[in-house]
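Working notes, beginning with the structure itself.
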Amino acid sequence: MTDDVSRETPSVPDVARRVFASDRLSLAERFVELLAGDGVVRGLIGPRETPRLWDRHLLNCALLAQQVPLEATVADLGSGAGLPGVVLAIARPDLRVTLVEPLLRRTTFLEEVVAELGLDRVEVLRARAEALHGDRRFAVVTSRALAPLDRLLGWSMPLVEPTGALLAMKGSAVAEEITAAGPELARWGCATPEVLSLGADLGLAPTVAVRVVWADPGRVSWPIAAPRKRGGQQRRAGHARGTSNRRRGT
Ligand SMILES: C[S@@+](CC[C@H](N)C(=O)[O-])C[C@H]1O[C@@H](n2cnc3c(N)ncnc32)[C@H](O)[C@@H]1O
Numbered sequence: 001m002t003d004d005v006s007r008e009t010p011s012v013p014d015v016a017r018r019v020f021a022s023d024r025l026s027l028a029e030r031f032v033e034l035l036a037g038d039g040v041v042r043g044l045i046g047p048r049e050t051p052r053l054w055d056r057h058l059l060n061c062a063l064l065a066q067q068v069p070l071e072a073t074v075a076d077l078g079s080g081a082g083l084p085g086v087v088l089a090i091a092r093p094d095l096r097v098t099l100v101e102p103l104l105r106r107t108t109f110l111e112e113v114v115a116e117l118g119l120d121r122v123e124v125l126r127a128r129a130e131a132l133h134g135d136r137r138f139a140v141v142t143s144r145a146l147a148p149l150d151r152l153l154g155w156s157m158p159l160v161e162p163t164g165a166l167l168a169m170k171g172s173a174v175a176e177e178i179t180a181a182g183p184e185l186a187r188w189g190c191a192t193p194e195v196l197s198l199g200a201d202l203g204l205a206p207t208v209a210v211r212v213v214w215a216d217p218g219r220v221s222w223p224i225a226a227p228r229k230r231g232g233q234q235r236r237a238g239h240a241r242g243t244s245n246r247r248r249g250t
């Protein structure tokens with residue numbers, strides 16, 4: 001860390017008052033403090049991110065909340081320090097959020113954050129996404145900075161309910177990712193992805209997300225099996241390796 005990087009908690013921007021309900025804003029502020037403090041000290045957030053915790057992290061993750069149906073179950077894959085999962089839980093207390101993260105250092109931080117903020121509808125699972133295949137399904141499966149879309153489909157779609165959606169935060173290369181994922185989208189039986197540009201109405205730099213749903217929800221059977229690769233063996237998604245590594249909590 002260079003000396004010129006401020007570790008001070010950034011102050012709340014005015015726009016945050018329009019993004020978070022008044023009774024949830026203090027939780028968002030506390031989460032920013034935790035990220036700027038322990039999150040940086042424990043190496044979960046780069047010190048250079050501290051001044052932009054609101055703009056680059058909290059606010060754009062909160063924009064995703066508008067896209068999640070009422071009282072939905074949400075799995076946030078590769079949650080890291082809680083982005084976007086913890087922010088969704090703060091912004092939308094009606095949601096049931098499962099934070100899925102394989103690294104102990106990160107799940108320990110997540111459990112502390114959940115306890116400190118009193119987020120009683122949030123569970124922390126120390127697991128890789130694949131370890132939940134065949135075991136759990138969710139209305140919405142979110143992620144940010146986890147993997148390119150083609151790989152994300154294989155990790156996420158077995159967890160998506162027939163009428164649910166994958167909702168991934170992406171960067172400006174989203175169109176290229178969708179093109180590259182063409183064969184995987186077809187193989188999994190997904191509809192054409194929808195690209196969302198969020199935040200313009202609030203004067204924020206656009207946050208880009210992609211939503212992927214099943215093309216034919218009526219044909220999605222359970223457990224959702226990985227579709228056959230040309231010339232390859234079909235394998236049951238529910239028997240993904242790593243299940244023995246799945247643990248609740250730390
Ligand atoms: C680049 S970080 C992104 C963290 C957070 N989503 C964010 O945007 O700040 C990717 C995270 O995904 C986790 N991860 C990697 N492979 C995974 C998998 N197969 N299933 C679930 N999480 C995974 C890593 O441990 C890491 O915490």
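Under UniProt numbering, think of the first position of the sequence shown as 1, with each following residue one higher.
Backbone N, C-alpha and C define an ideal beta-carbon position, used for all residues, glycine too.
What you are looking at is a predicted structure, and each value in this text was computed from that prediction instead of being measured.
Check: Distance, Cα to Cα, Val40 vs Arg126?; Outcome: 21 Å
Check: Can you tell me whether Trp222 is buried or exposed? The criterion is at least 16 other CB atoms within 10 Å of its CB, across all chains shown.; Outcome: exposed
Check: If distances are taken between C-alpha atoms only, which option among Leu153, Leu159, Pro148 comes closest to Asp135?; Outcome: Leu159
Check: Please state whether DSSP places Pro193 in a helix, a strand or coil.; Outcome: coil
Check: So, are the CB atoms of Leu63 and Leu198 less than 8 Å apart?; Outcome: yes
Check: Do Leu59 and Val97 count as a contact pair if the criterion is CB distance below 8 Å?; Outcome: no
Check: Determine the burial state of Arg17: buried for a count of at least 16 other Cβ atoms within 10 Å of its Cβ, exposed for fewer.; Outcome: exposed
Check: Quick check on Ala89: does DSSP put it in helix, strand or coil?; Outcome: helix
Check: What are the uninterrupted segments assigned as beta strand (DSSP E) that are 3 or more residues long and contained completely in the region 129–201, given in chain order?; Outcome: 138–144, 160–170, 194–198
Check: Taking all protein chains shown into account, decide if Ala129 is buried (16 or more other Cβ within 10 angstroms of its Cβ) or exposed.; Outcome: buried
Check: Taking DSSP as the reference, what is the three-state secondary structure of Arg211?; Outcome: strand
Check: Going by beta-carbon coordinates alone, are Leu95 and Val124 separated by less than 8 Å?; Outcome: no
Check: Any contact of the region 100–112 with the region 32–49, i.e. 3+ C-beta pairs under 8 Å?; Outcome: yes
Check: Kindly identify the DSSP beta-bridge partner or partners of Glu123.; Outcome: Thr98
Check: Considering only the beta carbon of each residue, do Ala65 and Arg24 sit closer than 8 Å?; Outcome: no
Check: Tell me whether Ala81 counts as near ligand 1, meaning its Cβ is closer than 7 Å to at least one heavy atom of that ligand.; Outcome: yes
Check: Do Ala191 and Ala215 have their CB atoms nearer than 8 Å?; Outcome: yes
Check: Counting only beta-carbon atoms, is Ala165 nearer than 8 Å to chain C?; Outcome: Of the chains in the structure shown, none is chain C; there is only one protein chain.
Check: From this set, Thr73, Asp38, Val114, Arg137, which residue's C-alpha is nearest Ala225's C-alpha?; Outcome: Arg137
Check: Using a threshold of 7 Å, is the CB atom of Glu101 nearer than that to any non-hydrogen atom of ligand 1?; Outcome: yes
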